[in-house]
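Right, dumping it as structure tokens:
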């Protein structure tokens with residue numbers, strides 16, 4: 002093999018390698034990540050039972066799912082981020098005996114979202130206590146005390162939030 006052929010093959014190999022690396026770098030967040038609420042926090046993975054779970058990925062709207070299956074992506078607009086969360090009542094822990102999932106969802110609850118003292122939007126939880134919101138990048142307060150959380154939304158990302166609306170007390 003001549004030196005010219007070796008140089009040609011080396012150049013071709015380098016072009017393919019750098020082209021593939023460049024294409025991979027531009028393709029961000031193509032895989033969905035799944036999270037479920039375990040009664041205390043969101044944890045990675047789908048639940049072992051039939052509880053709802055959340056699919057998230059960069060630059061896409063989060064999706065609340067009730068069963069495994071394909072997820073249809075919907076892009077987030079430029080400069081926007083998302084919040085997905087659950088509002089619940091704790092039913093176990095401390096002196097409370099464990100009762101299944103350890104929480105009851107709060108369905109159809111209106112949650113105002115504030116930026117400073119101004120209401121930006123209001124979302125409503127679904128039948129499973131989950132809510133989603135698409136917001137400009139910034140810091141927000143979701144809900145009103147004592148059911149509230151502060152969250153910082155970043156461009157192209159999704160934040161997971163859990164709001165404890167109450168706790169069943171021991172008799």
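Residue numbers (my numbering): 2 to 172. Using N, Cα and C, we set each Cβ at its ideal position, and we do this for glycine too. Here the structure is a predicted model, which is why all the values come from computation and not from measurement.
query                                                                                                                                                                  : result
Could you work out which residue in 78, 3, 77, 56 is closest to residue 71 when comparing CA atoms only?                                                               : 56
How should residue 78 be labelled, buried or exposed, when 16 other C-beta atoms within 10 angstroms of its C-beta is the threshold for buried?                        : exposed
What does the Cβ neighbour count give for residue 80, buried or exposed, with the cut at 16 atoms within 10 Å?                                                         : exposed
Work out the CA separation of residue 145 and residue 121 for me, nearest whole Å.                                                                                     : 13 Å
Given that a residue counts as buried once 16 or more other Cβ atoms are within 10 Å of its Cβ, and exposed if not, what is residue 63?                                : buried
Which residues share a DSSP beta bridge with residue 123?                                                                                                              : 113
Since residue 131 and residue 65 should fall inside the 8 Å C-beta cutoff, what is the C-beta to C-beta distance between them, to a whole number of angstroms?         : 5 Å
Can you give the Cα-Cα distance for residue 37 and residue 53, rounded to whole angstroms?                                                                             : 7 Å
Taking the beta strand (DSSP E) that residue 106 belongs to, which residues open and close that run?                                                                   : 104-106
Count the other CB atoms, across all protein chains shown, that sit within 10 Å of the CB of residue 160; report buried if there are 16 or more and exposed otherwise. : buried
For residue 86 and residue 162, which I take to be in contact (beta-carbon distance under 8 Å), what is that distance rounded to the nearest angstrom?                 : 3 Å
What is the DSSP secondary structure of residue 153, reduced to helix, strand or coil?                                                                                 : strand
Identify which residue in 118, 84, 40, 47 has its Cα closest to the Cα of residue 158.                                                                                 : 84
Can you check which of these residues, 67, 88, 69, 58, is closest to residue 75 by C-alpha distance?                                                                   : 58
Kindly indicate which three-state DSSP category residue 31 falls into: helix, strand or coil?                                                                          : coil
Report the three-state DSSP secondary structure of residue 4 (helix, strand or coil).                                                                                  : helix
Less than 9 Å separating the beta-carbons of residue 141 and residue 151?                                                                                              : yes
Provide the residue(s) that pair with residue 91 in DSSP beta bridges, ordered along the chain.                                                                        : 104, 168
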